[in-house]
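Student:
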Amino acid sequence: MTAASPDPEGTDVLEPTQAPGRPEDADVVERAYAPLTESAPGVPVDAAERRVLVIGEALVDVVHARDGAVTEHVGGSPANVALGLGRLGRGVDLLTWLGRDDRGHRITEHLAASGAALVPGSDGAGRTSVATARLSDDGSATYDFDLTWRIPETWASPPGPPIAVHTGSIAAVLEPGAGDVARILAAHRASATITYDPNLRPSLMPPPEQTRPVVERVVALADVVKVSDEDLAWLAPDDPLGLAQEWVTAGPALVVVTRGGQGAVAWSATGVRMEVPAPPVSVADTVGAGDSFMAGLVDGLWGAGLLGPDARSALRAIDEATLRSVLERCAVIAAITVSRPGANPPTAAEVAAYGA
């Protein structure tokens, strides 16, 4: 298993300093940059009917457990976020890059079963990517990757304008797809809330000093950033939380730092600081915990009426009570996820049964 194996599609090339300008093949990918601002002819779109567009990798996790058992699960950080949103009852479309092989079909069916749709055109890869995860004694996972990533040359826009556009992890760093992702976000900046989770994979990425400018290119486009303390420590080992506070002055309305069993801490653009604990739970593994927290964050802000361009100023002025309520529910969603193996986020009914 290799971190980024050579592939005829050329997707193992990292260009971390590439500016998000127009690509040479702009005519081919023009559709990707057009914001989705209109519904089908004659069909109005209200807030209840709007959906989230998630952009990024979908792959299969081959998980090596502590007892030697090997299992396969659908994974990829953006795919997990789409899955989590679908299970929470939100309309969601995933723009990704997978193959028309058995693993690709499994991903498509797995997402569809939870209400998450694949954007047509997302299945043009030569093969579906694989991540090999090895679990440690505390349930945490380390990963090796064999993957390709790009934005499809042609893809069909989901119906209606998305209320939010989310991306993260490999998709926002690995070229040639990362530059296209940044352009799609920029094109939707005026019409949707932009959310981002760096969810970094050091084995696939350049050194921190080269990766950080790429991450911060997306941070500057985002309204909401969710980042783990591990990611911050890799990017800024001398002052991880200081980097998060720096980001909240760079454009986002909200930056949330997840800290595993220590819960989460958040800062708003207006100076609100909020800490919430992690609910006590017996940990099966931590696969997908951050992704389910991210899905819960998008869902919670949506439920609070804080998504969409018209809510941008309200999101920046989020009050302490609303922020605490949203974050506590996110922590519950993540706790349910880590209580069972694999990236298996809860449904809305399971979250409600927990009392959140």
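Residue numbering for the sequence shown follows full-length UniProt numbering, starting at 1 and increasing by one per position. Glycine included, C-beta positions come from ideal geometry on N, C-alpha and C.
(1) Please return the same chain residues whose Cβ sits closer than 6 Å to the Cβ of P23, not counting the five positions on each side in sequence.
(2) Taking a contact to mean a Cβ-Cβ separation below 8 Å, would you say P279 touches A331 in this structure?
(3) I think L88 touches A348, with their Cβ atoms under 8 Å apart; what is that distance to the nearest whole Å?
(4) Taking the straight line between their C-alpha atoms, what separation do you get for E175 and V181?
(5) Do you know how far the Cα of R127 is from the Cα of T322?
(6) Counting only runs of 4+ residues fully inside the segment 233-276, write out the alpha helix (DSSP H) ranges in chain order.
(7) Contact defined as beta carbons within less than 8 Å: I believe T193 pairs with G308. What is the distance between those atoms, to the nearest angstrom?
(8) Which one of I333, D137, T258 has the shortest CA to CA distance from G68?
(9) For the pair the segment 221-233 and the segment 252-265, tell me if three or more CB-CB distances fall below 8 Å.
(10) Would you mind giving the Cβ-Cβ distance between P206 and W234, rounded to the nearest angstrom? I have them listed as a contact below 8 Å.
(11) When DSSP builds the beta bridges, which residues end up paired with T96?
(12) From the DSSP secondary-structure annotation, give me the bridge partner or partners of I55.
(13) Between the C-alpha atoms of T142 and D61, what's the straight-line distance to the nearest angstrom?
(14) If I measure Cβ to Cβ from S114 and keep anything under 6 Å in the same chain, skipping five residues before and after, which residues do I get?
(15) Please return the same chain residues whose Cβ sits closer than 7 Å to the Cβ of A220, not counting the five positions on each side in sequence.
(16) Which residue spans inside the segment 303-352 form an unbroken beta strand (DSSP E) run of at least 3?
(17) So V70 packs on V63, CB below 8 Å; how close in whole Å?
(18) By the DSSP assignment, the beta strand (DSSP E) with L185 in it spans what residues?
(19) Below 8 Å on the Cβ atoms is my guess for G168 versus P208; work out the distance and round it to an integer in Å.
(20) Would you kindly check if the distance between the Cβ of T286 and the Cβ of S77 is under 8 Å?
(21) Excluding the five sequence neighbours on either side, which residues of its own chain have a C-beta within less than 7 Å of the C-beta of P341, listed in chain order?
(22) To the nearest angstrom, how far is the alpha carbon of P346 from that of A116?
Tutor: In this structure, then:
(1) At P23 the pLDDT is 35, less than 50, meaning the model places this residue with poor confidence; the figure from the coordinates comes in the next sentence. None.
(2) It is a contact, given that the beta carbons lie within the stated cut-off.
(3) With a Cβ gap of about 5 Å, L88 and A348 count as contacting.
(4) Approximately 10 Å between the Cα atoms of the pair.
(5) Pairing T322 with R127, the inter-Cα distance amounts to about 43 Å.
(6) The segment 233-276 contains these whole alpha helix (DSSP H) runs: 240-247.
(7) Rounded, the Cβ-Cβ distance is 6 Å, consistent with contact.
(8) Nearest C-alpha to G68: D137.
(9) These segments touch.
(10) About 12 Å separates the two Cβ atoms, so there is no contact after all.
(11) BP columns for T96 are empty, so no partner.
(12) Its beta-bridge partners are L95, T167.
(13) Straight-line Cα distance between these residues: approximately 11 Å.
(14) Closer than 6 Å at the Cβ level, and outside the excluded window around S114, lie L83, G86, R87.
(15) Taking C-beta separations shorter than 7 Å and ignoring five residues to either side along the sequence, the partners of A220 in its chain run A250, G251, following chain order.
(16) Unbroken beta strand (DSSP E) stretches of 3 residues or longer found wholly inside the segment 303-352: none.
(17) 7 Å between Cβ atoms; contact.
(18) In this chain, L185 is not harboured by any beta strand (DSSP E); it is covered by the alpha helix (DSSP H) spanning 177-188.
(19) Actually they are not in contact, since the Cβ atoms of G168 and P208 sit about 17 Å apart, beyond 8 Å.
(20) No; because the gap between Cβ atoms is not below 8 Å, this pair is not in contact.
(21) Residues of the same chain with a CB within less than 7 Å of the CB of P341, apart from the 5 flanking positions on each side, are A284, D285 in chain order.
(22) Approximately 14 Å between the Cα atoms of the pair.
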